[in-house]
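The structure appears right after this line, and notes come after that.
In our numbering, the protein residues as written are 1 to 256.
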């Protein structure tokens, strides 16, 4: 599974990272980010990473150069993050391509990395939505931290075969759709959280710290379109979203 990191000892971890731009802010975990046990959910972690990515881009002054589309996100929770926790969130560019860049986000409590997110974003033209090459301004600001690491947009997961899956009922709410009328990136993880609560309820306190999660975005789901979910028979935490018969997104999990 391509999460861009393999373990807490990954060479891309922040405490092994010494050059280039880092953007950082503090967050406090509230009720909206936790489950019934008071622990941080995967969708909330994804939202934190998505928010700091936007804040970093705005702070850099490059937020008007194009529209960034999320291609994939890997998530790892290394330790319990509970309601009321005060955390330091730091993000940096960890690799580049022609029209895309990877971003690493590390969530720390004290000096410990309690969660990590690795994501790949593609820059597109605001008018045409076609991929747009990274500018010299981007390289001036983010190129040092990328440190000549090249990343690929190649997807790591393929669709679950029909013979290995069953259709699963799921409904996106109106509030799951964002400004451009698409299901928001983090909303695909609600089904994962629902599945964790059903399949791992007896071990919910430690369930997330034992999983790596990879979500990859394909065609997406538009407001008003029909959709369905196919879940792997042998693993209820792996599933595919389809919209109008096309693969919209895939969610995969792997035990640590």
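Cβ coordinates follow ideal geometry from the N, Cα and C atoms, glycine included.
CB contact flag (residue i, residue j, <8 Å)
i           : j           : result
residue 94  : residue 108 : no
residue 249 : residue 215 : yes
residue 298 : residue 188 : What the structure shows of the chain is the stretch from 1 to 256, and residue 298 is not part of that stretch, so it cannot be assessed.
residue 146 : residue 232 : no
residue 29  : residue 81  : yes
residue 142 : residue 246 : no
residue 105 : residue 156 : no
residue 86  : residue 26  : yes
Cβ shell of residue i (< 7 Å), same chain only, five flanking positions each side left out
i           : result
residue 124 : 66, 67, 69, 130, 131, 132
residue 33  : 40, 41, 44
residue 135 : 65
residue 170 : 191, 229
residue 31  : 83
Rounded straight-line distance, which links the Cα of residue j to that of residue i
i           : j           : result
residue 186 : residue 139 : 28 Å
residue 90  : residue 168 : 36 Å
residue 46  : residue 60  : 21 Å
residue 222 : residue 51  : 22 Å
residue 97  : residue 71  : 13 Å
residue 83  : residue 128 : 42 Å
residue 230 : residue 224 : 19 Å
residue 256 : residue 153 : 24 Å
residue 19  : residue 209 : 29 Å
residue 121 : residue 99  : 9 Å
residue 175 : residue 184 : 9 Å
residue 56  : residue 163 : 44 Å
residue 206 : residue 37  : 11 Å
residue 204 : residue 213 : 16 Å
residue 238 : residue 114 : 24 Å
residue 92  : residue 119 : 11 Å
residue 182 : residue 88  : 30 Å
residue 10  : residue 53  : Low local confidence applies: a pLDDT of 46 at residue 10 is under 50, so the model's placement there is unreliable, with the coordinate-based value given in what follows. In a straight line, the C-alpha of residue 10 is about 21 Å away from that of residue 53.
residue 144 : residue 177 : 35 Å
residue 126 : residue 58  : 16 Å
Contact set for residue i: own chain, Cβ-Cβ below 6 Å, skip 5 residues either direction
i           : result
residue 211 : 253
residue 24  : 90
residue 149 : 95
residue 151 : 95, 97, 102
residue 241 : 229, 248, 249
residue 79  : 114
Residue i classed as buried or exposed, judged by whether at least 16 other C-beta atoms fall within 10 angstroms
i           : result
residue 234 : exposed
residue 198 : exposed
residue 75  : buried
residue 191 : buried
residue 244 : exposed
residue 220 : buried
residue 137 : exposed
residue 179 : exposed
residue 257 : The chain is shown from 1 up to 256; residue 257 falls before or after that span and cannot be answered.
Residues of its chain near residue i, where Cβ-Cβ distance is below 8 Å and the 5 sequence neighbours each way are ignored
i           : result
residue 236 : 195, 198, 199
residue 193 : 35, 41, 42, 43
residue 226 : 243, 244
Beta-bridge partners of residue i, as assigned by DSSP
i           : result
residue 101 : 96, 121
residue 68  : 123
residue 217 : 249
residue 256 : In DSSP, residue 256 forms no bridge with anything.
residue 243 : 227, 246
residue 25  : 89
residue 50  : For residue 50, which the question treats as bridged, DSSP gives no partner whatsoever.
residue 131 : 124
residue 75  : 117, 213
residue 82  : 39
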